[in-house]
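Note that my numbering has the sequence shown beginning at 13, numbered continuously upward.
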Amino acid sequence: MRKPAAERREEILGAVCRIIGERGLASLTTTVLAKEVGVTSGALFRHFASRDEILDGAVRHALEKIDATFPAPSLPPLERLLQLGRNRVALFQNEPGIAWLLRSEEASLSLPPGAVARLRELVQKSAGYLMDAIREGMAAGTIRNDIEPEHLRVIVMGTIHALAGMPGIHKNERGSRRKDPEPVLAALARMLAAPAGTTPKKPSTTKRPPKRR
């Protein structure tokens, strides 16, 4: 029985991410993709007009999954940061192709311009989400306020990226047990947490000195 067109498209886009994660973008030929999905090469182009359209669709497919990793804003600020880390690492563990699309420099050189622009928007959205949580936590006295919010954001994002790239984190890596990200996230929580007795206050803003004339 033939699958509905929308279901087949999603199956194709999922296969694109899977192939990229397991074998790299260079392996993503129409022949390989068709074999992965179980259709003919010609059948692929009944759903997509071109290879670029397939790649653009794969990025949209990936972004929907990445969007789902943003925790609810009702969580306390520090927990939002840690849960985002857990969610992202869990997604990248199971779908390394999505991690590649988000983190690889090659992606910006190989993907259609529209897809690259959407990935950059996602990066900015992530940065904004982290900054909002950090500033809120500083104001509440739960996140340390002796370090600039932007510097803490870099540390949080860097930790998530490091965990995503840690050997053994992905399910297709053979010969190694899957690594547990919790010890690293626990250390991050200790580093971010405000010391006992910290007075809640808004983070300071560094003003530039006036220009000399």
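Ideal Cβ positions, reconstructed from N, Cα and C, are used throughout, including at glycine.
Spatial distance of isoleucine 155 from alanine 199 (CA atoms): 14 Å
In terms of residue numbering, what span does the alpha helix (DSSP H) encompassing proline 85 cover? Note, proline 85: premise wrong, no alpha helix (DSSP H); not H, not E.
Given this structure, state the Cα-to-Cα distance separating glycine 26 from glutamate 48, to the nearest angstrom. 10 Å
According to DSSP, is isoleucine 155 helix, strand or coil? strand
If I'm right that proline 212 touches alanine 151 with Cβ under 8 Å, what's the distance once you round it to whole angstroms? 6 Å
Report yes if the CB atom of valine 101 is closer than 8 Å to the CB atom of proline 161, and no otherwise. no
Buried or exposed for leucine 121, please, with buried defined as at least 16 other CB atoms from any protein chain shown within 10 angstroms of its CB. exposed
Hey, quick one: how far does the alpha helix (DSSP H) through arginine 202 stretch, first residue to last? 194-204
Which word fits threonine 43, buried or exposed, when buried means at least 16 other C-beta atoms lie within 10 angstroms of its C-beta? exposed
Give, in chain order, every unbroken run of the alpha helix (DSSP H) that is at least 4 residues long and sits entirely within the segment 103-169. 108-115, 117-122, 125-152
On the premise that histidine 73 lies in contact with alanine 17, defined as a C-beta separation below 8 Å, what is that separation, rounded to the nearest angstrom? About 15 Å separates the two Cβ atoms, so there is no contact after all.
Just verifying my parser: in three-state terms, what is the DSSP assignment at valine 51? coil
Just the C-alpha distance for lysine 77 and leucine 103, rounded to the nearest angstrom, thanks. 8 Å
Buried versus exposed call for aspartate 158 [16 or more other C-beta atoms within 10 Å across all chains shown]: exposed
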